[in-house]
Amino acid sequence: MIRITRKFRFSASHRLHAAELSADANRELYGKCNNPYGHGHNYEIEVTARGPVDDMTGRAVDLRLLERLVREHVVGPLDQKSLNADVAEFQAKVPTTENLAIEIYRRLTQAWRSVFPGEWPVLERVRIVETARNIFEIGEAHGQK
Ligand code: NI
275 MIRITRKFRF SASHRLHAAE LSADANRELY GKCNNPYGHG HNYEIEVTAR GPVDDMTGRA
335 VDLRLLERLV REHVVGPLDQ KSLNADVAEF QAKVPTTENL AIEIYRRLTQ AWRSVFPGEW
395 PVLERVRIVE TARNIFEIGE AHGQK
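Going left to right, the sequence shown walks through residues 275 to 419 as the working numbering numbers them.
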């Protein structure tokens, strides 16, 4: 079994603001991240897939297919966007990087079988490097929620 990780980058802005909370509570909870005009990140995402090495091709994951899947469902729709204003899923959900990880994982899981119809490879993990110090992970080993 081989595990392969491919890295991608996209830039997007967000503002952390919970609709259920007052303006003061939001400022208290999110600090600078509650700034009304938002702020940007250069997100780096790492998508990890796992599978056995195919005898004939010698490969475990067709990286061109993985590339296309992630570009079409994640990088394309999110790059240079305001997560709050432009992404439907974040109309009702705060676009924290936790929720972004859940959303990216959901998008990839949903489209996975259309690109990889066989038993392998499987999507193992999505990792988001938000800043050099803040790294978020979601995947098989971490449960779905
Ligand atoms: Ni931020």
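Beta carbons are placed, not taken as given, at the ideal position from N, Cα and C, and that holds for glycine.
Per-residue burial, residue i [other beta carbons within 10 Å of its own, 16 or more giving buried]
i, result
"Gly325", "buried"
"Asn300", "buried"
"His313", "exposed"
"Ile319", "buried"
"Ile276", "exposed"
"Leu337", "exposed"
Simplified DSSP state of residue i, which is helix, strand or coil
i, result
"Ser296", "coil"
"Ala362", "helix"
"Arg277", "strand"
"His291", "coil"
"Val321", "strand"
"Asn309", "coil"
"Arg342", "helix"
"Ala286", "strand"
"Gly314", "strand"
"Trp386", "helix"
Residue from the options with nearest C-alpha to residue i
i, options, result
"Ala385", "Ala299, Val344, His313, Ser296", "Val344"
"Arg399", "Ala299, Val321, Tyr311", "Val321"
"Asn408", "Leu303, Arg387, Phe282, Thr370", "Thr370"
"Phe282", "Tyr304, Met275, Asn309, Glu341", "Glu341"
"Arg280", "Ala406, Ile402, His416", "Ile402"
"Glu346", "Asp328, Ser388, Arg333, Glu363", "Ser388"
"Gly392", "Leu303, Ala415, Asp328", "Asp328"
"Glu411", "Gln365, Val361, Tyr379, Leu303", "Tyr379"
Residues bridged to residue i (per DSSP)
i, result
"Ile412", "Val400"
"Lys355", "Ala286"
Proximity of residue i and residue j at Cβ, strictly below 7 Å
i, j, result
"His288", "Glu404", "no"
"Asn358", "Lys367", "no"
"Val348", "Arg381", "yes"
"Leu352", "Ala286", "yes"
"Tyr317", "Phe284", "yes"
"Ile278", "Ala323", "yes"
"Leu295", "Cys307", "no"
Below-7 Å beta-carbon distance, residue i vs any chain D residue
i, result
"Val321", "No chain D is part of this structure, which consists of one protein chain only."
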